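Number of protein chains: 2
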Amino acid sequence: MDFEDVEIGERADIGTHAFTRDEIIAFARRWDPQPFHLDDEAAEASQFGALCASGWHTACTWMRLNVEDGARRIGEAVAAGRPVPRIGPSPGLFDLKWLRPVYVGDTIAYSWTVTDKRASKSRPDWGLITYHAEGVNQDGVTVISFNGRFFLGRREAG
Amino acid sequence: MDFEDVEIGERADIGTHAFTRDEIIAFARRWDPQPFHLDDEAAEASQFGALCASGWHTACTWMRLNVEDGARRIGEAVAAGRPVPRIGPSPGLFDLKWLRPVYVGDTIAYSWTVTDKRASKSRPDWGLITYHAEGVNQDGVTVISFNGRFFLGRREAG
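Sequences listed follow chains X and A, in order. Residue 554, in the working numbering, is where the first sequence stops; the numbers in between run on with no holes. Residue 554, in the working numbering, is where the second sequence stops; the numbers in between run on with no holes.
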């Protein structure tokens, strides 16, 4: 999938992840050791009411599934004899919202939807894709959303 | 430090972190397994030119140092017999920018600066702090920046 093939509105469901107590605590110990991500009692006394995942954990899980989905697409391109897409760096994100807590046992379904595409002015052989990312729990409630951008190679320089 | 004590413009230097090859690869394997975060040769052939850290890694390291800094402040409050600040959830981030790659051996100095404070309309015993976060490398170049918000307890409900 080169820049030319991407369509605005295109959506990818990149996978689901079930958040276990052990993984929530292990992530928090390493990256976000706040009591309500580490300890049941402290979490019950907090605004969250129960042990819940670090927001960085729910975000990094989107990234993990996104990279795996990208690897699948690259594998399919190779298998079909199509050119391998050139996936470039991401300049960043905007409007990252942690809308609801992710509790032990929640299963989050992650996706991205293309919201914009434009040629890069400074790099004629690259385009810039803008997407909306979401994670939705088993009750249909969106727990995380953000918008991001990444560079994708063009077949023909603009 | 309650909401009332926070001053706009106040800055905290929350610590530095040296990014090693092993840590860059370990983080990428778990959360962002793209070739330029995992393998020297692939990274040399990429836009980055050398092995570099996942942007999520540089962001999570800010969070880790931020939580440690907060824990120090809480410890100081307890030791001085002052009330323990109530640190609440974060509704999210905006304008997260990965400005430059973080390469093996880079040391990043992280900080936050308060840019706004306002009473919460929906939660009268809480205020909302807005901050600008940065990571700057050993050459004085900003590699990551974002703006974020978190709730902080008020001594007196508005």
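Virtual Cβ for every residue (Gly too), placed ideally from N, Cα, C. Just so we're clear, the structure is a prediction, and the values are computed from it rather than from any experiment.
Check the Cβ of residue i against every Cβ in chain X and list those closer than 7 Å, keeping chain order.
| i | result |
| --- | --- |
| residue 520 of chain A | Near residue 520 of chain A there are no residues of chain X at all, since even the closest Cβ is about 14 Å away, more than 7 Å. |
| residue 493 of chain A | 487, 488 |
What is the residue span of the alpha helix (DSSP H) that residue i lies within?
| i | result |
| --- | --- |
| residue 434 of chain A | 431-434 |
| residue 421 of chain A | 417-427 |
In angstroms with no decimal places, state the Cα-to-Cα distance between residue i and residue j.
| i | j | result |
| --- | --- | --- |
| residue 438 of chain X | residue 432 of chain A | 39 Å |
| residue 533 of chain A | residue 411 of chain A | 12 Å |
| residue 480 of chain X | residue 547 of chain X | 14 Å |
| residue 466 of chain A | residue 397 of chain X | 45 Å |
| residue 493 of chain X | residue 540 of chain X | 6 Å |
| residue 408 of chain X | residue 486 of chain A | 27 Å |
| residue 435 of chain X | residue 421 of chain X | 8 Å |
| residue 482 of chain A | residue 545 of chain A | 14 Å |
| residue 531 of chain X | residue 543 of chain A | 21 Å |
| residue 401 of chain A | residue 517 of chain A | 19 Å |
| residue 414 of chain X | residue 415 of chain A | 30 Å |
| residue 511 of chain X | residue 403 of chain X | 9 Å |
| residue 550 of chain X | residue 519 of chain X | 10 Å |
| residue 490 of chain A | residue 491 of chain X | 4 Å |
| residue 515 of chain A | residue 475 of chain X | 57 Å |
| residue 462 of chain X | residue 461 of chain A | 27 Å |
| residue 552 of chain A | residue 478 of chain A | 15 Å |
| residue 528 of chain A | residue 406 of chain X | 33 Å |
| residue 488 of chain X | residue 448 of chain X | 26 Å |
| residue 560 of chain X | residue 429 of chain X | Because chain X spans 397 through 554 in this model, residue 560 of chain X falls outside it and cannot be assessed. |
| residue 473 of chain A | residue 464 of chain A | 14 Å |
| residue 468 of chain A | residue 469 of chain X | 46 Å |
| residue 484 of chain A | residue 513 of chain X | 37 Å |
Could you list which residues in chain X have their beta carbon closer than 8 Å to that of residue i, in chain order?
| i | result |
| --- | --- |
| residue 460 of chain A | 426, 427, 428, 429 |
Taking DSSP as the reference, what is the three-state secondary structure of residue i?
| i | result |
| --- | --- |
| residue 465 of chain A | helix |
| residue 546 of chain X | strand |
| residue 398 of chain A | coil |
| residue 476 of chain X | coil |
| residue 488 of chain A | strand |
| residue 470 of chain A | helix |
Strictly below 7 Å CB to CB, what residues from chain A border residue i?
| i | result |
| --- | --- |
| residue 443 of chain X | 484, 485 |
Please list the partners that residue i has in chain A, where partner means a Cβ-to-Cβ separation under 8 Å.
| i | result |
| --- | --- |
| residue 463 of chain X | 428, 429, 430 |
| residue 452 of chain X | 452, 455, 456, 459 |
Starting from residue i, trace the beta strand (DSSP E) both ways and give me its first and last residue.
| i | result |
| --- | --- |
| residue 506 of chain X | 503-515 |
| residue 411 of chain X | 407-414 |
| residue 529 of chain A | 522-532 |
Is any heavy atom of the ligand SAM found at a distance shorter than 6 Å from the C-beta of residue i?
| i | result |
| --- | --- |
| residue 517 of chain X | This structure does not include the ligand SAM; it has no bound ligands of any sort. |
Query raised in the report: Taking contact to mean at least 3 C-beta pairs separated by less than 8 Å, is the region 452-459 of chain A in contact with the region 490-506 of chain A?
Result: yes
Query raised in the report: Quick one: any contact between the region 520-528 of chain A and the region 419-436 of chain A, if contact means 3 or more CB pairs under 8 Å?
Result: no
Query - At least 3 beta-carbon pairs within less than 8 Å: the region 441-454 of chain A vs the region 489-502 of chain A - result: yes
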